[in-house]
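Number of protein chains: 2
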Amino acid sequence: MASETLIRFGILGCAEIARKFSRAITMVPTATLYAVGSRSLEKAKAFASANNFPPNAKVYGSYEEVLEDPDVDAVYVPLPTSLHKKWAVLAAQKKKHILLEKPVGLNVAEFDAILEACESNGVQIMDGTMWVHHPRTAAMKEFISDADRFGQLKSVHTIFSFAGDDDFLKNDIRVKPDLDGLGALGDAGWYCTRGILWAANYELPKTVTALPGAVLNEAGVILSCGSSLQWADGKVATFQCSFLSHLTMDITAIGTKGTLHLNDFIIPFQAKEAHFSLASKSGFNELVTGWEPTPSKQIVMTDLPQEAQMVREFSRLVGEIKKGSKPETKWPTISRKTQLVLDAVKVSIKNGFQPVEL
Amino acid sequence: MASETLIRFGILGCAEIARKFSRAITMVPTATLYAVGSRSLEKAKAFASANNFPPNAKVYGSYEEVLEDPDVDAVYVPLPTSLHKKWAVLAAQKKKHILLEKPVGLNVAEFDAILEACESNGVQIMDGTMWVHHPRTAAMKEFISDADRFGQLKSVHTIFSFAGDDDFLKNDIRVKPDLDGLGALGDAGWYCTRGILWAANYELPKTVTALPGAVLNEAGVILSCGSSLQWADGKVATFQCSFLSHLTMDITAIGTKGTLHLNDFIIPFQAKEAHFSLASKSGFNELVTGWEPTPSKQIVMTDLPQEAQMVREFSRLVGEIKKGSKPETKWPTISRKTQLVLDAVKVSIKNGFQPVEL
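Residue numbers (my numbering), protein chains in the order written: chain A, 297 to 654; chain B, 297 to 654.
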């Protein structure tokens, strides 16, 4: 590890998800928990001691102090979406590399302001979508990129729902218009959209059409919605995201010659052993009473959970920048595309489920 | 078996699917292969001898002769859809009970003519959707009807696709406007729609909206399409059907407390041992790095394959009618609802993917 740079992370706020992220940092030898800041110093202290921060870690009673600390290399920003623009822009101006939770903004214009700040300050930005860093995702990509086994991608279908309880549906920041105004679309729909774009090699669809039946709360925040997407080459996709249905996280990608299935694409059922199912060139037996071949289950083991894989990759990029490389544009590019699709779904819902051209 | 009536089947035509159906009849003690008719006597003879018809079975060179045979109790009609109305109406007029392949007509008006003939002649009609007769289907229904384990149904998503080869896409009756004018919608989409209605306790949706991206051949026959459905109570559904994508047959039903998954709902991977996956009250572990509980795999064994289960149930109903009962209206009712939804999808595609109220 001697040749690698140790990346010192500062965390803005004590969100629930920051606990998982903090643990991930402790698993990555090239990253360290260096600082945490909260509007409440007491909360920051409690967070640091509950999450295995080293004894010499800095604990601040504000986000500003984290950004002012010259030894912080990178910040993790799990704040409510409505605060992303302000704090990510400030972080970039302070030359901090940024791991930004999703959705990256309330709309793509906000993210563009963040991107501009990152670009002009030469800092790396990556969003907090963990599943794309799982080695299973690479194995699935290998399958759906295989012209012989999978053929040409024809359709992708994703679902992410979980049933928020009464407290969630009343009080969670994700149902508050002034905090996470995109609701289920920004939270669960973010992953659905990313899954679709991932399968489509991040090619943007031509048209996005929200599906009739979206459910909004009294404040106008989306609690459940779906969308249909289509591409110029004939590919189509659908997704369904909801705070009102049982936990489900499916991706199904269908090519001309193969099908990929998995039911835990965002959070694997288990951290170390992940599965997916693939079928290739399946047909029926002679009397159409069974399949030949039947789908096969693939197993992918991983030493590090996906959130630590994300931290490792982000830290690697920051380390490269410290050695003179430029920021990796792939990550903000796919963040921006994901946000663009979410924006289009929102517009389509507002327009009575009419198609929106991208 | 002494108290049960042996139902004598006549088959109209020698379609591929009739081979599977003939084998099913040989597996059911209450049914017998009694006659087959084809426009070609030679074809009918070859079919009878290749499909284990008894030596005394009747072999006819026309469909009419099957209908005229007074000893035929019931007919199986696997003819192209455009011929359903003519031959099903004639069969009913000859007091033959009818097992009719799907789609039941080119539109619901055709099926209504068939229904009228069946009602006025007191004959049973059932469509050839086999999977609903599998004992697995009953086990799945038990789960999604369970208010405690599954809760209230919120969404259903079905897919049925298979990749027709060049010959299929050029010559199969399912791509010919004068034979099976509904194309992939009538063939694959029939099962998708039935799966959705089955999950929704056969309650018709309020609105049906075809998804942008439908693919039609030069003759205007649908090769691939999708649809969104919504109900007054907020339930939603989507389906995707296609002749252009790899073999996939998924149903996902999501309730407030549970999720049902299976990937072979129409033709089980294997005839005797069928699976499905259910999850109930799943959440995440403390750090959101895994699920608790994870979905569980259910296994349903069956002595008879689903097509024979269908023949057995149909024969039971015919036997009851012979003993004085009235025809069972459940089966034509669900056939008609399925056709109604298909008709609405077709109208929506023609209207530029606008919603169609049912």
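Don't be surprised by glycine CBs; every beta carbon is placed ideally from N, CA and C.
Output needed for residue i: all residues of its chain with C-beta closer than 7 angstroms, excluding positions within five of it in sequence on either side, in chain order.
i                : result
Val385 (chain B) : Ala409, Ile410 and Ala413
Lys341 (chain B) : Val355
Asp468 (chain B) : Gly460
Ala480 (chain A) : Ile518, Leu519, Ser520, Cys521, Cys537, Ser538 and Phe539
Ala575 (chain A) : Gly554, Thr555 and Pro591
Arg315 (chain A) : Asn347
Pro376 (chain B) : Ile469, Leu475 and Asp476
Under the rule that 16 or more other beta-carbon atoms within 10 Å means buried, what is residue i, buried or exposed?
i                : result
Thr629 (chain B) : exposed
Ala515 (chain A) : exposed
Pro623 (chain A) : buried
Gly401 (chain A) : buried
Gly333 (chain B) : buried
Pro350 (chain A) : exposed
Asp463 (chain A) : exposed
Asn352 (chain A) : exposed
Ser336 (chain B) : exposed
Ser541 (chain B) : buried
Pro366 (chain B) : exposed
Ile562 (chain B) : buried
From which residue to which residue does the beta strand (DSSP E) around residue i run?
i                : result
Thr328 (chain B) : Ala327 to Gly333
Tyr498 (chain A) : No beta strand (DSSP E) holds Tyr498 (chain A); DSSP gives it neither H nor E.
Ala413 (chain A) : Counting along the chain, Ala413 (chain A) falls outside any beta strand (DSSP E), though it belongs to the alpha helix (DSSP H) covering Val404 to Asn417.
Asp463 (chain A) : Premise fails: Asp463 (chain A) lies in the alpha helix (DSSP H), Asp462 to Asn467, not in any beta strand (DSSP E).
Leu574 (chain B) : Glu569 to Ser576
Lys437 (chain A) : Per DSSP, Lys437 (chain A) belongs to no beta strand (DSSP E); it is in the alpha helix (DSSP H), Pro431 to Ile440.
Ser538 (chain B) : Val532 to Ser538
Arg470 (chain A) : Counting along the chain, Arg470 (chain A) falls outside any beta strand (DSSP E), and DSSP gives it neither H nor E.
Val368 (chain A) : It is not in any beta strand (DSSP E) - Val368 (chain A) carries neither H nor E in the DSSP assignment.
Val400 (chain B) : Neither: Val400 (chain B) is in no beta strand (DSSP E) and is coded neither H nor E.
Near residue i, which residues of its chain fall below 6 angstroms by C-beta distance, leaving aside the five closest residues on each side in sequence?
i                : result
Val452 (chain B) : Ile492, Ala495, Ala533 and Ala549
Leu613 (chain B) : Gln420 and Glu624
Ser299 (chain A) : Annotation note: pLDDT 46 at Ser299 (chain A) (below 50); position unreliable, coordinate value reported separately. Same-chain partners within the cutoff: there are none.
Asp483 (chain B) : Arg470
Asn348 (chain B) : Thr322
Can the beta-carbon of residue i be found less than 7 angstroms from the beta-carbon of residue j?
i                : j                : result
Asp423 (chain A) : Leu396 (chain A) : yes
Ala435 (chain A) : Val607 (chain A) : no
Phe456 (chain A) : Gln635 (chain A) : no
Tyr372 (chain B) : Phe446 (chain B) : no
Ile303 (chain B) : Ser611 (chain B) : yes
Val637 (chain B) : Val504 (chain B) : yes
Ser578 (chain A) : Pro589 (chain A) : yes
Arg432 (chain A) : Ala528 (chain A) : no
Phe458 (chain B) : Leu543 (chain B) : yes
Trp270 (chain A) : Lys398 (chain A) : The requested residue 270 (chain A) is not part of the displayed model; chain A covers only 297 to 654.
Asn417 (chain B) : Ala388 (chain B) : yes
His380 (chain B) : Gln602 (chain B) : no
Ser523 (chain B) : Val362 (chain B) : no
Ile547 (chain A) : Thr425 (chain A) : no
The alpha helix (DSSP H) that contains residue i, what's its start and end?
i                : result
Leu363 (chain B) : Tyr359 to Glu364
Val607 (chain B) : Gln602 to Lys618
Thr634 (chain B) : Lys626 to Lys646
Gln526 (chain A) : From DSSP, Gln526 (chain A) is part of no alpha helix (DSSP H) but of the beta strand (DSSP E) over Ile518 to Gln526.
Val271 (chain A) : Since the first residue of chain A shown is 297 and the last is 654, residue 271 (chain A) is not available in this structure.
Arg319 (chain B) : Glu312 to Met323
Ser621 (chain B) : Looking at the DSSP string, Ser621 (chain B) is not in any alpha helix (DSSP H), and its letter there is neither H nor E.
Phe343 (chain A) : Leu337 to Ala346
Given the structure, does residue i come close to the ligand ADP, in the sense that its CB is under 6 angstroms from one of the ligand's heavy atoms?
i                : result
Ser592 (chain A) : This structure lacks the ligand ADP; in fact it carries no ligand of any kind.
Leaving out five residues on either side along the sequence, give the residues of the same chain with a beta carbon under 8 angstroms from the beta carbon of residue i.
i                : result
Met297 (chain A) : Any reading at Met297 (chain A) must be qualified, since the residue scores a pLDDT of 41, below 50, and its modelled position is unreliable; no value is offered.
Val404 (chain B) : Arg632, Gln635, Leu636 and Asp639
Pro651 (chain A) : Thr503, Val504, Thr505 and Ser644
Asp444 (chain B) : Lys553
Phe580 (chain B) : Gly586, Trp587 and Glu588
Lys437 (chain A) : Trp494
At a Cβ cut of 9 angstroms, what residues of the stretch 471 to 484 of chain B count as close to chain A, listed as they run along the chain?
Correct list: empty, as no residue qualifies.
Please list the residues of the stretch 318 to 347 of chain A that have a C-beta atom closer than 9 angstroms to any C-beta atom in chain B, keeping them in chain order.
For the stretch 318 to 347 of chain A, the set of positions with a beta-carbon nearer than 9 angstroms to some beta-carbon of chain B reads Arg319 in chain order.
Which residues, taken in chain order from the stretch 426 to 437 of chain B, show a beta carbon closer than 8 angstroms to some beta carbon of chain A?
Against chain A - using a Cβ distance shorter than 8 angstroms - the stretch 426 to 437 of chain B contributes no residues.
Given a limit of 9 angstroms on CB to CB distance, which residues of the stretch 640 to 652 of chain B reach chain A?
For the stretch 640 to 652 of chain B, the set of residues with a beta-carbon nearer than 9 angstroms to any beta-carbon of chain A comprises Phe649 and Pro651, in chain order.
Listed in chain order, which residues of the stretch 364 to 390 of chain B have Cβ atoms closer than 7 angstroms to some Cβ of chain A?
Here the close residues number zero.
Chain B contacts from the stretch 578 to 611 of chain A (Cβ-Cβ distance under 7 angstroms)
Result list: Ser578, Gly579, Phe580, Leu583, Val584, Thr585, Gly586, Trp587, Thr590, Pro591 and Pro601.
What are the residues in the stretch 543 to 569 of chain B lying within 8 angstroms of chain A by C-beta distance?
If the cut-off is 8 angstroms between Cβ atoms, the stretch 543 to 569 of chain B has Leu543, Thr544, Asp546, Thr548, Ile550, Gly551, Thr552, Lys553, Gly554, Thr555, His557, Asn559, Asp560, Ile563, Pro564, Phe565, Gln566 and Ala567 near chain A.
Between the stretch 501 to 514 of chain B and chain A, which residues of the former have CB atoms less than 8 angstroms from a CB of the latter, in chain order?
Result list: Thr503, Thr505, Leu507, Pro508, Gly509 and Val511.
Under 8 angstroms (Cβ pairs) to chain B, residues found in the stretch 398 to 416 of chain A
So the list is empty, because no residue satisfies the distance condition.
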